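Novice:
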Amino acid sequence: MNPDPIDDDEPSIVVRPRRKGIYALPNAITLGALFSAFYAIVMAMNGRFEVACVAIFAAAILDSLDGRVARMTNTQSAFGEQMDSLSDMVAFGAAPALIVYMWALKDMGKPGWIPAFVYIAGAALRLARFNVNIGVVDKRFFQGLPSPAAAALVMGLIWAVVDQPGYNGLTASNWITWVAYGVTLFAGLSMVTNAPFYSFKVFDRRRSVPFIVLVIIMLGIGLAALDPPRVLFGVFCVYGLSGYAIYGWRKAKGKPVSVISTSTDEPDERGLHQ
Numbered sequence: 330m331n332p333d334p335i336d337d338d339e340p341s342i343v344v345r346p347r348r349k350g351i352y353a354l355p356n357a358i359t360l361g362a363l364f365s366a367f368y369a370i371v372m373a374m375n376g377r378f379e380v381a382c383v384a385i386f387a388a389a390i391l392d393s394l395d396g397r398v399a400r401m402t403n404t405q406s407a408f409g410e411q412m413d414s415l416s417d418m419v420a421f422g423a424a425p426a427l428i429v430y431m432w433a434l435k436d437m438g439k440p441g442w443i444p445a446f447v448y449i450a451g452a453a454l455r456l457a458r459f460n461v462n463i464g465v466v467d468k469r470f471f472q473g474l475p476s477p478a479a480a481a482l483v484m485g486l487i488w489a490v491v492d493q494p495g496y497n498g499l500t501a502s503n504w505i506t507w508v509a510y511g512v513t514l515f516a517g518l519s520m521v522t523n524a525p526f527y528s529f530k531v532f533d534r535r536r537s538v539p540f541i542v543l544v545i546i547m548l549g550i551g552l553a554a555l556d557p558p559r560v561l562f563g564v565f566c567v568y569g570l571s572g573y574a575i576y577g578w579r580k581a582k583g584k585p586v587s588v589i590s591t592s593t594d595e596p597d598e599r600g601l602h603q
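In my numbering, the protein residues as written are 330 to 603.
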């Protein structure tokens, strides 16, 4: 028995696959950070290093916002994660390395390549390790110096120097050139260490704090407003050394120094051991 013939006059329903889109707001913020890095490189090429430093700090602020905005608006996506990682590599890896090279290291010849390359390679390795370890690292700490802090350390040095009255550039024999050499090398190597740097991510925003905390914040803002370059450089110098201090303190106390979670006893480590 033959099946009934299909009526050609009946319209056929074609189900088209749903097109994947991207979320505009968090990715627009990420693009803003990327543009800030590009702008910083252009300003450094034109010798305007102070503007370049401010642009990198602006990129760091935007980088701290895109993820929070995505979580607040429930617009997280794999595309956004990859976009953020690539933007970070440019803003906190390539751009600071190029800027500090043009500012202080190019007159040293090939030896000046060493800290700049160590920095950019350290940023790439740090971001790659962060991406693959994101599910097993204790959220209270970063494994190694985070790349925005490393960029702030290098840019803070440049900004603090060029902001001085009477500044007219550096030479290969200037002692500040060697300070830049050491700071850049330190920042690059610190990104690939296992030292634990506090992340400031794990705290209850709904919990009340003593009134003195607000007074301290107010004083900190006032102090930063007096001399932003030197205050920011000092803050990130302290933070850049804090990871080694935590590492040494834990080592002396016989506590685990790795930020890779190895137990399920701590409440902050729940969900890291599937």
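Each residue gets a CB set at the ideal place from its N, CA and C atoms; glycine is no exception.
Keep in mind that this is a model prediction, so the values were computed, not measured.
Which partner residues does residue 525 have in the DSSP bridge list?
Specialist: Working through the sequence shown from its first residue, we reach residue 525 at position 196. Its beta-bridge partners are 472.
Novice: Within the continuous alpha helix (DSSP H) that includes residue 366, where are the two ends?
Specialist: Position 37 of the sequence shown, counted from the start, is the residue given in the question as residue 366. Unbroken alpha helix (DSSP H) run through residue 366: 353-374.
Novice: Can you look up residue 463 in the DSSP assignment and give me helix, strand or coil?
Specialist: Reading the sequence shown from its first residue, position 134 is the one you call residue 463. Coil.
Novice: Could you give the C-beta distance for residue 482 and residue 445, rounded to a whole number, given that I count them as a contact under 8 Å?
Specialist: Taking the first residue of the sequence shown as 1, we reach residue 482 at position 153. Taking the first residue of the sequence shown as 1, we reach residue 445 at position 116. About 14 Å; that fails the 8 Å criterion.
Novice: Give me the Cα-Cα distance between residue 576 and residue 586, rounded to the nearest whole angstrom.
Specialist: The sequence position of residue 576 within the sequence shown is 247, counting from 1. The sequence position of residue 586 within the sequence shown is 257, counting from 1. If you take the alpha carbons of residue 576 and residue 586, they lie about 6 Å apart.
Novice: Taking the alpha-carbon of residue 385 as reference, which of 376, 417, 402 has the nearest alpha-carbon?
Specialist: Along the sequence shown, read from residue 1 onward, the residue named residue 385 stands at position 56. Nearest option by C-alpha distance: 417.
Novice: Going by the beta-carbon positions, is the gap between residue 427 and residue 505 smaller than 7 Å?
Specialist: Indexing the sequence shown from 1 puts residue 427 at position 98. Indexing the sequence shown from 1 puts residue 505 at position 176. No. Outside cutoff.
Novice: How big is the Cα-Cα spacing for residue 356 and residue 457?
Specialist: Mapped onto the sequence shown, residue 356 falls at position 27. Mapped onto the sequence shown, residue 457 falls at position 128. Cα to Cα, the separation comes out at about 20 Å.
Novice: Can you check which of these residues, 363, 375, 379, is closest to residue 393 by C-alpha distance?
Specialist: By 1-based counting over the sequence shown, the position of residue 393 is 64. Residue 393 has its Cα closest to that of 363, out of 363, 375, 379.
Novice: Since residue 587 is in the alpha helix (DSSP H), which residue starts that stretch and which ends it?
Specialist: Residue mapping note: residue 587 aligns to position 258 of the sequence shown, counting from 1. Element bounds for residue 587: n/a, residue is neither H nor E.
Novice: Does the distance from the C-beta atom of residue 562 to that of residue 489 stay below 7 Å?
Specialist: For this step, residue 562 is matched to residue 233 along the sequence shown. For this step, residue 489 is matched to residue 160 along the sequence shown. Yes, Cβ-Cβ distance for residue 562 and residue 489 is below 7 Å.
Novice: Return the first residue and the last residue of the alpha helix (DSSP H) that residue 567 is part of.
Specialist: Here residue 567 refers to the residue found at position 238 of the sequence shown. Residues 557-582.
Novice: Please list the segments of the alpha helix (DSSP H) lying wholly inside the stretch 394-450, counting only runs of 4 or more residues, in order along the chain.
Specialist: 407-418, 424-429
Novice: Between residue 510 and residue 480, what straight-line distance do the alpha-carbon atoms span, to the nearest angstrom?
Specialist: The count along the sequence shown starts at 1 and reaches residue 510 at position 181. The count along the sequence shown starts at 1 and reaches residue 480 at position 151. Going by the C-alpha atoms only, they are around 14 Å apart.
Novice: Write down the C-beta distance between residue 544 and residue 473 rounded to the nearest angstrom, noting that I regard them as a contact closer than 8 Å.
Specialist: Here residue 544 refers to the residue found at position 215 when the sequence shown is read from its first residue. Here residue 473 refers to the residue found at position 144 when the sequence shown is read from its first residue. That belief does not hold up - the Cβ atoms of residue 544 and residue 473 are roughly 33 Å apart, past 8 Å.
Novice: Indicate whether residue 564 and residue 513 have their beta-carbon atoms separated by less than 7 Å.
Specialist: As a first step, residue 564 is located in the sequence shown; it is residue number 235 there, counting from the start. As a first step, residue 513 is located in the sequence shown; it is residue number 184 there, counting from the start. Contact: no.
Novice: Considering only residues of the same chain and omitting the five flanking positions on each side of residue 391, which have a CB-CB separation below 7 Å?
Specialist: The sequence position of residue 391 within the sequence shown is 62, counting from 1. Hits under 7 Å: 358, 361, 362, 365.
Novice: Start and end of the alpha helix (DSSP H) containing residue 496?
Specialist: Numbered from its first residue, the sequence shown carries residue 496 at position 167. Residue 496 -> no alpha helix (DSSP H), and no H or E assigned at all.
Novice: Taking C-beta to C-beta, are residue 572 and residue 524 nearer than 7 Å?
Specialist: If you number the sequence shown from 1, residue 572 lands on position 243. If you number the sequence shown from 1, residue 524 lands on position 195. Yes, Cβ-Cβ distance for residue 572 and residue 524 is below 7 Å.
Novice: Residue 434: buried (16+ other C-beta within 10 angstroms of its C-beta) or exposed?
Specialist: Locating residue 434 in the sequence shown gives position 105, where the first residue counts as 1. Under this definition residue 434 is a buried residue.
Novice: Within a Cβ cutoff of 8 Å, which residues of the same chain sit near residue 404, ignoring the five residues on either side of it in sequence?
Specialist: Taking the first residue of the sequence shown as position 1, residue 404 is located at position 75. Excluding sequence neighbours, residue 404 sits near 352, 354, 355, 398.
Novice: Alpha carbon to alpha carbon, how far is residue 508 from residue 459? Give it in angstroms, no decimals.
Specialist: The residue given as residue 459 occupies position 130 in the sequence shown. The residue given as residue 508 occupies position 179 in the sequence shown. If I take the Cα positions, the gap works out to 28 Å.
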